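Peer 1: Quick one: structure below, then a few questions.
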Amino acid sequence: MGDPAAEAARRRTFAIISHPDAGKTTLTEKFLLYAGAVGEAGAVKARSGRRSATSDWMEMEQKRGISISSTALSFDYRGMQCNLLDTPGHRDFSEDTYRVLSAVDSVVMVLDSAKGIEPQTLKLFEVCRDRGLPVITFLNKYDRPGREPLELLDEIEEQIGLKPTPVTWPVGISGDFRGVIDRRDGGFTRFTRTVRGSAIAPEEEVPAERAAEEEGSAWSSAMDEIGLLAAVDASHDPETFLAGMTSPVFVGSALTNFGVRHLLDAVIDLAPAPAPRPDVDGEGRGLSSDCSAFVFKVQANMDRAHRDRIAFIRVCSGVFERGMVLTCGRTGKPFATKYASQVFGAERTTVDEAFPGDVVGLVNAMDLQIGDTLYVGDPVAFPPIPRFAPEVFASARPIDTGKYKQFRRGLEQLDSEGVVQVLRDPLAGDANPVLAAVGALQFDVFADRLDVEFNAPAEISSSPYEAIRFTDQTSADRLREVGGVRILARSDGRLVALFESRYRLQRLEQDEPGLMLEPISVGV
Ligand code: G4P
Numbered sequence: 000m001g002d003p004a005a006e007a008a009r010r011r012t013f014a015i016i017s018h019p020d021a022g023k024t025t026l027t028e029k030f031l032l033y034a035g036a037v038g039e040a041g042a043v044k045a046r047s048g049r050r051s052a053t054s055d056w057m058e059m060e061q062k063r064g065i066s067i068s069s070t071a072l073s074f075d076y077r078g079m080q081c082n083l084l085d086t087p088g089h090r091d092f093s094e095d096t097y098r099v100l101s102a103v104d105s106v107v108m109v110l111d112s113a114k115g116i117e118p119q120t121l122k123l124f125e126v127c128r129d130r131g132l133p134v135i136t137f138l139n140k141y142d143r144p145g146r147e148p149l150e151l152l153d154e155i156e157e158q159i160g161l162k163p164t165p166v167t168w169p170v171g172i173s174g175d176f177r178g179v180i181d182r183r184d185g186g187f188t189r190f191t192r193t194v195r196g197s198a199i200a201p202e203e204e205v206p207a208e209r210a211a212e213e214e215g216s217a218w219s220s221a222m223d224e225i226g227l228l229a230a231v232d233a234s235h236d237p238e239t240f241l242a243g244m245t246s247p248v249f250v251g252s253a254l255t256n257f258g259v260r261h262l263l264d265a266v267i268d269l270a271p272a273p274a275p276r277p278d279v280d281g282e283g284r285g286l287s288s289d290c291s292a293f294v295f296k297v298q299a300n301m302d303r304a305h306r307d308r309i310a311f312i313r314v315c316s317g318v319f320e321r322g323m324v325l326t327c328g329r330t331g332k333p334f335a336t337k338y339a340s341q342v343f344g345a346e347r348t349t350v351d352e353a354f355p356g357d358v359v360g361l362v363n364a365m366d367l368q369i370g371d372t373l374y375v376g377d378p379v380a381f382p383p384i385p386r387f388a389p390e391v392f393a394s395a396r397p398i399d400t401g402k403y404k405q406f407r408r409g410l411e412q413l414d415s416e417g418v419v420q421v422l423r424d425p426l427a428g429d430a431n432p433v434l435a436a437v438g439a440l441q442f443d444v445f446a447d448r449l450d451v452e453f454n455a456p457a458e459i460s461s462s463p464y465e466a467i468r469f470t471d472q473t474s475a476d477r478l479r480e481v482g483g484v485r486i487l488a489r490s491d492g493r494l495v496a497l498f499e500s501r502y503r504l505q506r507l508e509q510d511e512p513g514l515m516l517e518p519i520s521v522g523v
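Quick note on numbering that gives the first Met the number 0: the sequence shown kicks off at 0 and runs consecutively.
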């Protein structure tokens with residue numbers, strides 16, 4: 000049996016964040032190619048194709064042609080184990096995407112060089128900042144015409160306040176990408192394209208003198224830019240990177256594989272290994288102490304035939320062994336881990352042993368909820384996983400009024416799982432609840448599960464609200480007199496005010512500054 004601290008040291012648990020189409024899937028695939036986990040690029044897509052052919056897991060997933068569930072992918076590279084957690088990249092995302100970020104130690108932020116920071120990158124980055132996660136930046140698609148890298152660096156600094164510190168710098172303009180200079184040692188790597196990027200791009204280390212001769216003006220421009228970067232002291236700094244203040248930047252093309260190896264090396268060399276996770280009192284549970292973990296995602300109905308429910312845990316300390324009995328901190332109940340698996344899409348392999356930083360799917364996890372701490376030995380409680388500020392709202396009612404009981408049970412359960420947040424009128428009880436979510440896709444998942452699991456088909460209609468604020472009892476009494484405002488309560492009892500118009504909210508804030516109207520920021 001391995002030593003948990005030593006095993007943790009050889010792990011990197013990370014996620015890739017990006018706006019849809021920036022190249023996350025392509026990059027994931029190329030990581031697998033460089034790690035030798037797939038022989039030829041194209042395997043990931045083939046795999047997902049096979050999945051839709053053989054599994055009826057979440058019919059919606061197929062209808063929409065997107066991946067709703069997050070997956071965890073492990074591969075070995077340079078003697079280290081990389082655990083890559085997928086953040087679903089579709090436009091319409093959900094809290095799931097955010098929660099994955101509570102289970103990683105660093106992220107790779109992929110930007111399309113032609114587009115720079117896009118809305119979803121920004122949202123996901125805000126969660127990273129909130130968690131103080133170290134961010135490695137990849138300027139992707141440099142093989143085709145795009146924006147100037149220096150301009151992109153300015154945009155990163157201005158829009159997200161993260162100081163970019165380029166580690167590699169391109170030779171050749173975007174669209175005529177020859178290779179990269181590693182600013183740490185000045186070495187120039189020239190790449191050669193392979194057919195459709197399906198194999199590793201051949202690399203040639205070219206000495207500066209020869210590069211200057213052969214690359215001509217592309218080389219001198221790169222040298223000028225590197226001079227500028229040195230002048231503003233934009234060099235990688237481990238301390239500020241680990242504190243989430245600066246971000247090492249790599250330039251490349253996931254499609255042609257240029258710069259992919261440098262990036263993957265950075266995940267190993269720069270990104271942090273799993274560290275002791277602080278508990279609710281801020282004390283870290285040592286990596287070598289007894290096994291502890293927390294649930295960061297619950298997925299039901301992955302396999303309709305078995306009506307199962309998988310809780311994904313991240314191991315925080317000790318050795319997880321399949322078959323061990325863990326205690327759930329919230330309920331105090333034992334949980335037998337006979338069916339522990341690693342899940343990639345709908346494919347599962349059994350996991351016999353896991354270490355800090357690893358993700359394990361626990362099958363038949365009926366009693367487990369997101370945020371639950373599991374442990375053996377000394378009890379521990381990890382902080383709850385934050386809920387996120389809702390941005391879209393809907394109302395729900397059972398289509399068959401005879402199914403009201405099932406409908407209520409479903410609301411209760413799906414609220415506790417965090418599929419949507421259920422807001423109720425404290426004066427009217429369960430009637431006419433408002434559903435709140437980060438993305439509208441959550442409502443579809445909610446309706447689907449109400450129907451399939453609770454036999455309570457529901458009609459979901461969008462609600463006219465544009466903004467939400469925390470409020471208190473006194474302000475609530477006043478707000479009830481105002482048109483276009485509704486006072487509701489979350490399941491944790493906190494009062495919220497929903498506004499049909501942002502403008503109305505702004506006016507109220509100006510005209511009645513005494514009202515308690517507190518924005519719900521990420522993580523509350
Ligand atoms: P996502 O997961 O972030 O949504 O992006 P994905 O990898 O699916 O990439 C989106 C599109 O961008 C794909 O093209 C992909 O081939 C392309 N792409 C990714 N990386 C690069 C790159 O470095 N350079 C260039 N030029 N293109 C890149 P598509 O036409 O939508 O799909 P496909 O037909 O190529 O599969």
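Don't be surprised by glycine CBs; every beta carbon is placed ideally from N, CA and C.
Just so you know, these numbers come straight off a predicted model, no measurement behind them.
State the Cα-Cα distance for the pair R130 and F381, rounded to the nearest angstrom.
Peer 2: Straight-line Cα distance between these residues: approximately 14 Å.
Peer 1: Is the beta carbon of L478 sitting closer than 8 Å to the one on I486?
Peer 2: The answer is yes: Cβ separation under 8 Å.
Peer 1: Could you tell me the alpha carbon to alpha carbon distance between A7 and N82, rounded to whole angstroms?
Peer 2: Distance between the alpha carbons of A7 and N82: 11 Å.
Peer 1: With distance defined between alpha-carbon atoms, name the residue in D142, A455, A272 and A496 nearest to T400.
Peer 2: Checked all of D142, A455, A272 and A496; the closest Cα to T400 is A455.
Peer 1: Assuming P247 is part of the beta strand (DSSP E), what are its boundary residues?
Peer 2: Per DSSP, P247 belongs to the beta strand (DSSP E) from T245 to V250.
Peer 1: Suppose the cutoff is 8 Å on Cβ atoms and the five residues either side in sequence are ignored; what does the same chain contact list for G1 look like?
Peer 2: So the qualifying residues of the chain are V318, E352 and F354.
Peer 1: Have a look at G285 and A5 and give me their C-alpha separation to the nearest angstrom.
Peer 2: Roughly 12 Å separates the two Cα atoms.
Peer 1: Following a CB-centred definition, is L151 positioned closer than 7 Å to any heavy atom of ligand 1?
Peer 2: Every heavy atom of ligand 1 is 7 Å or more from the Cβ of L151, so no.
Peer 1: The beta strand (DSSP E) with S460 in it runs from where to where?
Peer 2: Residues A457 to S461.
Peer 1: With respect to 7 Å, is the separation between the Cβ of G22 and the closest non-hydrogen atom of ligand 1 below this value?
Peer 2: Checking every heavy atom of ligand 1 against the Cβ of G22, one is found closer than 7 Å.
Peer 1: Could you tell me the alpha carbon to alpha carbon distance between R63 and D447, rounded to whole angstroms?
Peer 2: Reliability of the predicted coordinates at R63 is poor, the pLDDT of 39 falling under 50, and no value is obtained from them.
Peer 1: In angstroms with no decimal places, state the Cα-to-Cα distance between T12 and N139.
Peer 2: Rounded to the nearest angstrom, the two C-alpha atoms are 21 Å apart.
Peer 1: Mind checking Y502: buried by the 16 CB within 10 Å criterion, or exposed?
Peer 2: The residue in question, Y502, is exposed, as its Cβ has fewer than 16 Cβ neighbours within 10 Å.
Peer 1: What span of residues does the alpha helix (DSSP H) with F240 cover, start to end?
Peer 2: First-last of the alpha helix (DSSP H) with F240: P237 to L241.
Peer 1: Would you say P383 touches ligand 1, meaning its beta carbon is less than 7 Å from a heavy atom?
Peer 2: No.
Peer 1: Hey, would you say T349 sits closer than 8 Å to R313, going by beta carbons?
Peer 2: Result no, Cβ atoms of T349 and R313 do not sit closer than 8 Å.
Peer 1: By the three-class DSSP mapping on this structure, what secondary structure does P397 have?
Peer 2: Three-state DSSP puts P397 in a strand.
Peer 1: Beta-carbon within less than 7 Å of Q509's beta-carbon, same chain only, minus the 5 sequence neighbours each way: which residues are those?
Peer 2: Result list for Q509: empty, nothing under 7 Å.
Peer 1: Any heavy atom of ligand 1 closer than 7 Å to the CB of S173?
Peer 2: Because no heavy atom of ligand 1 lies under 7 Å away, the Cβ of S173 does not count as near it: no.
Peer 1: Would you mind reading off the limits of the beta strand (DSSP E) that contains M79?
Peer 2: Note, M79: beta strand (DSSP E), M79 to L84.
Peer 1: Can you tell me whether L514 is helix, strand or coil according to DSSP?
Peer 2: Three-state DSSP puts L514 in coil, outside helix and strand.
Peer 1: Pull the bridge partners of A71 from the DSSP assignment, please.
Peer 2: In DSSP, A71 forms a bridge with L84.
Peer 1: Determine the contact status of F257 and D357, defining contact as a CB-CB distance below 8 Å.
Peer 2: No, these two residues do not count as a Cβ contact at 8 Å.
Peer 1: Considering M108, what are the terminal residues of the beta strand (DSSP E) in which it resides?
Peer 2: Counting along the chain, the beta strand (DSSP E) containing M108 begins and ends at S105 to D111.
Peer 1: Since A270 and I135 are thought to touch, with beta carbons under 8 Å apart, how far apart are those beta carbons, to the nearest angstrom?
Peer 2: Sure, about 7 Å apart at Cβ, within 8 Å.
Peer 1: How would you label T330, buried or exposed, when you count the other beta carbons within 10 angstroms and need 16 or more for buried?
Peer 2: Burial call: exposed.
Peer 1: Taking buried to mean at least 16 other C-beta atoms within 10 Å of its own C-beta, is L440 buried or exposed?
Peer 2: Buried, because 16 or more other Cβ atoms sit within 10 Å of the Cβ of L440.
Peer 1: Would you tell me roughly how many angstroms separate the C-alpha atoms of G226 and P19, rounded to the nearest one?
Peer 2: Each residue's alpha carbon lies about 34 Å from the other.
Peer 1: Under the assumption that A210 contacts P165 (Cβ atoms under 8 Å), give the Cβ distance between them as a whole number of angstroms.
Peer 2: Contact doesn't hold; Cβ gap of about 18 Å is too wide.
Peer 1: If distances are taken between C-alpha atoms only, which option among S291, I309 and E411 comes closest to L325?
Peer 2: Of the candidates S291, I309 and E411, the one whose C-alpha sits nearest the C-alpha of L325 is S291.
Peer 1: Using 10 angstroms around the beta-carbon of S173, count the other beta-carbons present and answer buried if the total reaches 16, otherwise exposed.
Peer 2: Per the 10 Å Cβ criterion, buried.
Peer 1: Here's the rule I'm using: 16 or more other beta-carbon atoms within 10 Å means buried, otherwise exposed. How should S461 be labelled?
Peer 2: S461 comes out exposed.
Peer 1: DSSP has L494 in a bridge; who is on the other side?
Peer 2: Its beta-bridge partners are A488.
Peer 1: Give a yes or no on whether the C-beta atoms belonging to C315 and G243 are separated by under 8 Å.
Peer 2: Cβ distance not < 8 Å, so C315 and G243 don't count as in contact.
Peer 1: With hydrogens ignored, establish whether the beta-carbon of S17 is closer than 7 Å to any heavy atom of ligand 1.
Peer 2: It does: the Cβ of S17 is within 7 Å (strictly closer) of some heavy atom of ligand 1.
Peer 1: Use the C-beta contact count for D55: other C-beta atoms within 10 angstroms, 16 or more gives buried, fewer gives exposed.
Peer 2: Residue placement at D55 is poorly supported in this model, since its pLDDT is 31, which falls under 50; the coordinates still yield a value, given next. Exposed, since its Cβ has fewer than 16 Cβ neighbours within 10 Å.
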